[in-house]
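If you read the sequences in order, they're chains Z and H.
Residue numbers for the first sequence follow numbering that gives the first Met the number 0, so the first one is 0 and each next one is one higher.
Residue numbers for the second sequence follow numbering that gives the first Met the number 0, so the first one is 0 and each next one is one higher.
Where a beta carbon is used, it is the ideal one built from N, C-alpha and C, also for glycine.
Bear in mind the structure is a predicted one, so any value in this text is a computation, not a measurement.
2 protein chains.
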Amino acid sequence: MPTRFTAVYHVRSDASAIGQRARAIAVEQSVEMPVSAIEDAQILDDIVGKVEDITDIGSGVFAVRIGLAAATAGADPGQLINMLFGNSSLQDDVTLQDAEFPDALVAGYGGPHLGLEGLRERAGSGERALTCSTLKPQGMDHTHLGGLAERFARGGIDYIKDDHGLADQDYSPFDARVAAVAAALRQVEKETGHRACYVPSLTGDLGALRMQIAVARNSGLDTVMVQPMIMGLSNFHRIVRENPAVAFFAHPALAGASRIAPALLFGKIFRMLGADAIIFPNHGGRFGYSPQSCRAIADTGLGDWHGLKSAVPVPAGGMTTKRVPEMLDFYGSRVMLLIGGALLEARERLTQETAAFVGTVKGYRYG
Amino acid sequence: MPTRFTAVYHVRSDASAIGQRARAIAVEQSVEMPVSAIEDAQILDDIVGKVEDITDIGSGVFAVRIGLAAATAGADPGQLINMLFGNSSLQDDVTLQDAEFPDALVAGYGGPHLGLEGLRERAGSGERALTCSTLKPQGMDHTHLGGLAERFARGGIDYIKDDHGLADQDYSPFDARVAAVAAALRQVEKETGHRACYVPSLTGDLGALRMQIAVARNSGLDTVMVQPMIMGLSNFHRIVRENPAVAFFAHPALAGASRIAPALLFGKIFRMLGADAIIFPNHGGRFGYSPQSCRAIADTGLGDWHGLKSAVPVPAGGMTTKRVPEMLDFYGSRVMLLIGGALLEARERLTQETAAFVGTVKGYRYG
Chain Z
0 MPTRFTAVYH VRSDASAIGQ RARAIAVEQS VEMPVSAIED AQILDDIVGK
50 VEDITDIGSG VFAVRIGLAA ATAGADPGQL INMLFGNSSL QDDVTLQDAE
100 FPDALVAGYG GPHLGLEGLR ERAGSGERAL TCSTLKPQGM DHTHLGGLAE
150 RFARGGIDYI KDDHGLADQD YSPFDARVAA VAAALRQVEK ETGHRACYVP
200 SLTGDLGALR MQIAVARNSG LDTVMVQPMI MGLSNFHRIV RENPAVAFFA
250 HPALAGASRI APALLFGKIF RMLGADAIIF PNHGGRFGYS PQSCRAIADT
300 GLGDWHGLKS AVPVPAGGMT TKRVPEMLDF YGSRVMLLIG GALLEARERL
350 TQETAAFVGT VKGYRYG
Chain H
0 MPTRFTAVYH VRSDASAIGQ RARAIAVEQS VEMPVSAIED AQILDDIVGK
50 VEDITDIGSG VFAVRIGLAA ATAGADPGQL INMLFGNSSL QDDVTLQDAE
100 FPDALVAGYG GPHLGLEGLR ERAGSGERAL TCSTLKPQGM DHTHLGGLAE
150 RFARGGIDYI KDDHGLADQD YSPFDARVAA VAAALRQVEK ETGHRACYVP
200 SLTGDLGALR MQIAVARNSG LDTVMVQPMI MGLSNFHRIV RENPAVAFFA
250 HPALAGASRI APALLFGKIF RMLGADAIIF PNHGGRFGYS PQSCRAIADT
300 GLGDWHGLKS AVPVPAGGMT TKRVPEMLDF YGSRVMLLIG GALLEARERL
350 TQETAAFVGT VKGYRYG
C-alpha cells in the first residue's frame with residue numbers, strides 16, 4: 000500500500016457525468032495520460048489517482064475525494080501544489096476545497112517556528128488578542144516610514160508590518176527602510192519601555208529574499224512578512240527552514256482564493272510550510288469573504304493538526320477600531336487584529352488613535 | 000510625469016457603481032489606503048493609481064484601464080504581478096484582462112532568448128510547424144523513460160518534454176532521468192542522424208532549479224521546461240537571465256487562468272520574462288478554453304511587441320494526430336504541436352504513430 004494524501008475537489012457536474020469527471024480529475028492530477036496506455040501494474044496500483052468518494056452537496060456541485068500518491072509530490076512544496084491543483088487549476092468546473100495529509104508529510108514540512116504562543120511571548124501580551132498596523136503608502140521614503148513606525152509604537156501597538164506593496168523600490172530601498180524603522184523602534188523602547196516588533200516584507204527571487212532576511216536579522220529583527228503565492232511555495236519553505244529563529248507572516252497576495260479554498264491554502268498549507276501568522280481579508284471589509292469562510296480560516300489555522308504549532312489568524316482589509324469588539328466577539332482572543340489605513344487617516348492624531356485601538360483590545364472582556 | 004504601465008481589468012458592476020469601484024481598484028493596487036489620509040502631493044500625483052478609462056462592454060461588465068506607477072514595480076517580476084493583481088486577485092468581481100508596459104520595462108526583462116526562429120533552427124525544421132511529445136506517466140523509472148524517448152526520437156519528433164508531473168521523485172530522480180534520456184537520444188542520433196531535443200522539467204526552489212539546470216547543461220541539453228506560477232515569476236526570470244544559451248518552455252500549471260486572461264499571462268508576461276515556448280490548453284481537448292482564447296494566446300505570443308523575439312504557441316491537452324490538419328488550419332505554421340497521451344496509447348507501435356504524426360505535419364500544405 001503506497002502512502003497517499005487526499006485532495007477534496009468541488010466539481011460542478013450533472014449527476015450522470017460526475018463519475019467519469021471524477022476519474023478524469025484523478026488521472027489529470029496523477030499520470031495525465033490515458034490509463035489504458037499504461038502497462039506497468041505498479042503504476043496503475045500505486046501512482047494513478049484513486050477516486051475515494053463522491054458526495055452530492057447540492058446545487059449541482061459534488062465533493063470528490065481523490066487519493067494521490069505521496070511519492071509523486073516528494074518533499075517539495077511546489078510539486079505538492081502541482082499535484083494537488085496544477086492542471087486542474089485551468090479547468091473552470093473544479094475548485095480545490097480541502098486536503099488531508101499523512102503525518103509524515105506534515106512533519107517533514109514542520110509548520111510554524113513560533114505560532115500564536117511564540118508571537119504572544121515576543122509581544123509580552125499574555126492571553127489577549129494581538130495588535131498590528133501597517134506602514135504605507137508606498138511612495139513614502141524610508142525616513143517618513145520610520146516616523147510613522149515611531150508613532151504607531153508610541154501608541155503601544157504590538158506588531159508593525161510593511162504594506163504588501165512595499166518592496167525594494169528606489170524611493171524606499173529595503174535596507175534603508177529596515178534601518179530607519181528599526182532605529183525608530185529602538186528609540187521608542189528606550190524612552191517608553193515598549194518594544195513594538197517590525198515585520199518587513201520580503202520580495203524578489205530566493206537570492207534577494209536571503210539577502211533581505213540577512214539585513215533584517217542584522218538590524219535585530221526576528222519577524223518578516225512574505226507572499227507565498229508570489230515567491231513560490233518551494234522558496235517560502237526554503238527560507239523558513241533556513242531561519243529557525245524567525246517568525247513569518249504570510250500575505251495572501253495573488254492567492255486567487257476563489258479557486259483554492261482559503262482555509263486549505265492559508266490555514267493548512269501556509270501553516271504547514273511555516274506561517275506563524277496568516278493574513279486574510281476579513282468579512283465586511285474591502286473583500287468578499289463570508290463570515291463562514293473567515294471562521295474556517297481561523298479554526299483551521301488554530302486547530303490541533305498533526306502536532307503543529309498554531310498559526311494566528313490576522314483578519315484585515317479595511318478594519319477599524321469601531322469593529323474591534325465585534326471582531327473579538329467573533330474570533331475570541333486567539334487572533335491578531337490588523338488596522339492599517341483607518342489609523343493612518345487620523346494623521347496628526349495617529350499615536351492617540353493607535354492607543355485607542357490598543358486600549359480597546361486590552362480592555363475587552365471575552366464572553 | 001512618472002512612467003506608468005496600464006492594467007486593464009474586467010469588472011462586474013452596476014453602471015451606477017463602476018466609477019467608485021474603479022477608483023477603489025486603483026487604490027487597492029497602489030497605495031492601499033484611504034487617499035484622504037495621504038498628505039504628500041508627490042505620492043498623490045505619482046504613486047496613486049489613476050483610472051484612465053471605463054468602457055461598458057456589456058453583460059454587466061466594464062473594462063477599466065488603470066495607470067500604475069512603474070516605480071512601484073521596480074525591476075522585480077514578482078513585484079510586477081503583485082502590483083498588477085496581488086490584492087485584487089482576492090476580489091471575485093475582477094479579472095486582470097490585459098496590461099500595457101513601457102518599452103523600458105519590457106526591454107529590462109528582455110524576453111525569449113531564442114523564440115520561434117531559434118527553436119526552429121535547433122530542430123532544423125525550416126518554416127514548418129514544430130512537433131513535440133511528452134514523457135509519462137510519472138511513476139515510470141528513468142530507464143523506461145529513456146526507452147520511451149528513444150522510440151519518440153526514432154519516429155522523427157523534434158522536441159520531447161517531460162510531463163509536468165515529473166520532478167525529482169525517488170522513482171525517477173532528475174539526474175538519472177536526464178542522463179538516461181540524453182544517452183538514448185545520442186544513440187538514436189548516431190544511428191539515424193535525427194537529433195530530437197529533450198526538454199526536462201525543472202522543479203523546486205531556486206537552488207534546486209540551478210542545480211537541475213546545471214545537470215541538464217552537463218548532459219548537453221539546451222532546452223528546459225518550467226512552471227512559472229509555481230516557481231514564482233522572480234525565480235523564473237532569474238534562471239532565464241542566468242542561462243542565456245538555454246531555451247525555456249513555460250507550462251501553465253497553477254496558472255488559475257480564469258482570473259488572469261491567459262493571453263496576457265502566457266503571451267505577454269511569460270514571454271517578456273523569457274519563455275521561448277508557451278504551452279496552453281487547446282480548445283476541444285480536456286480543458287475549457289475557447290477557440291477565441293487560444294487564438295488570442297497565439298497571436299499575442301507571436302506578435303510584434305516591443306521588439307521581443309516571438310514565443311511559439313504550444314496548444315496541448317488531449318490532442319491527437321487526427322486533429323493535426325485542423326490545428327494547422329487554425330494556427331498556421333508558427334506553432335509547435337504537442338501530442339502526448341494519444342501517441343503513448345499506441346504502445347508497441349509508438350514509433351510508427353509518432354512517425355505518422357510527424358509525417359502529417361511535414362506533409363501539410365498551408366492554405
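Query	Result
Neighbourhood of I259 (chain H) by C-beta, 6 Å cutoff - its chain only, sequence neighbours within 5 removed	L95
Segments of 4+ residues assigned as alpha helix (DSSP H) that fall wholly inside the stretch 11 to 45 of chain Z	17 to 27 and 40 to 45
Any C-beta of chain Z under 9 Å from that of K135 (chain H)	yes
Near the ligand NAD: P324 (chain Z) beta-carbon under 8 Å from a heavy atom	With respect to small molecules bound, the structure shown includes none, and the ligand NAD cannot be examined in it.
Residue-chain proximity (N217 (chain Z), chain H), Cβ-Cβ < 9 Å	no
From Z:I53, Z:Q41 and Z:P111, residue whose alpha carbon lies closest to that of A244 (chain Z)	Z:P111
Opening and closing residue of the alpha helix (DSSP H) in which G316 (chain Z) lies	Run containing G316 (chain Z): none; DSSP gives neither H nor E here.
D418 (chain Z) versus G203 (chain H): straight-line alpha-carbon distance, rounded	For residue 418 (chain Z) there is no data in the structure shown, the boundaries of chain Z being 0 and 366.
First through last residue of the beta strand (DSSP E) which encompasses F329 (chain H)	Careful: F329 (chain H) lies outside any beta strand (DSSP E), inside the alpha helix (DSSP H) at V323 to Y330.
Cβ contact (3+ pairs, closer than 8 Å) linking the stretch 41 to 55 of chain Z and the stretch 126 to 136 of chain Z	no
In chain order, each beta strand (DSSP E) run of at least 3 residues that lies wholly inside the stretch 63 to 124 of chain H	93 to 99
R194 (chain H) to V313 (chain H) span [Cα, whole Å]	20 Å
Minimum Cβ-Cβ distance from T222 (chain Z) to chain H less than 9 Å	no
Spatial distance of G18 (chain Z) from V63 (chain Z) (CA atoms)	9 Å
Where F345 (chain Z) sits in the DSSP three-state scheme	With the sequence shown as reference, residue 345 (chain Z) is identified as Ala, and Phe is not the correct amino acid for it. A345 (chain Z): coil per DSSP, three-state reduction.
Cβ pair G206 (chain Z), M228 (chain Z) closer than 9 Å	no
Whole-angstrom C-beta distance between A103 (chain Z) and P1 (chain Z), which should lie under 8 Å	At roughly 13 Å, the Cβ-Cβ gap does not stay under 8 Å, so P1 (chain Z) and A103 (chain Z) are not in contact.
The stretch 350 to 361 of chain H touching the stretch 133 to 153 of chain H, judged by at least three CB pairs closer than 8 Å	yes
Contact set for I56 (chain H): own chain, Cβ-Cβ below 6 Å, skip 5 residues either direction	A62
Under 7 Å from the C-beta of S15 (chain Z): neighbouring residues of chain H	Near S15 (chain Z) there are no residues of chain H at all, since even the closest Cβ is about 19 Å away, more than 7 Å.
Straight-line gap, K160 (chain H) to D298 (chain Z) (C-alpha atoms, nearest Å)	42 Å
Given 8 Å, three or more beta-carbon pairs between the stretch 261 to 278 of chain H and the stretch 208 to 216 of chain H	no
Beta-carbon proximity of L220 (chain H) to G85 (chain Z), cut-off 9 Å	no
L237 (chain Z) to R20 (chain H) span [Cα, whole Å]	Checking the sequence, you will find Arg at residue 237 (chain Z) rather than Leu. Those two C-alpha atoms are separated by around 38 Å.
Under 8 Å from the C-beta of N81 (chain H): neighbouring residues of chain Z	H163, G164, A166, T202, Q226, I229, A252 and L253
T308 (chain Z) versus I53 (chain Z) - alpha carbon distance	In the sequence as displayed, the identity of residue 308 (chain Z) is Lys instead of Thr. Their backbone Cα atoms lie some 32 Å apart in a straight line.
Assigned secondary structure, S292 (chain Z) (DSSP; H/G/I helix, E/B strand, else coil)	helix
Spatial distance of A295 (chain H) from V7 (chain H) (CA atoms)	16 Å
Where R176 (chain H) sits in the DSSP three-state scheme	helix
Helix, strand or coil at K49 (chain Z) [DSSP, three-state]	strand
Beta carbon proximity, E188 (chain H) to chain Z, threshold 9 Å	no
Whether S200 (chain H) touches D157 (chain H) by CB criterion (9 Å)	no
Endpoints, the alpha helix (DSSP H) within which T142 (chain H) is located	H141 to R153
C293 (chain Z) versus G283 (chain Z) - alpha carbon distance	11 Å
One or two residues paired with F4 (chain H) in a DSSP bridge	H:L67
Straight-line gap, T320 (chain Z) to S289 (chain Z) (C-alpha atoms, nearest Å)	20 Å
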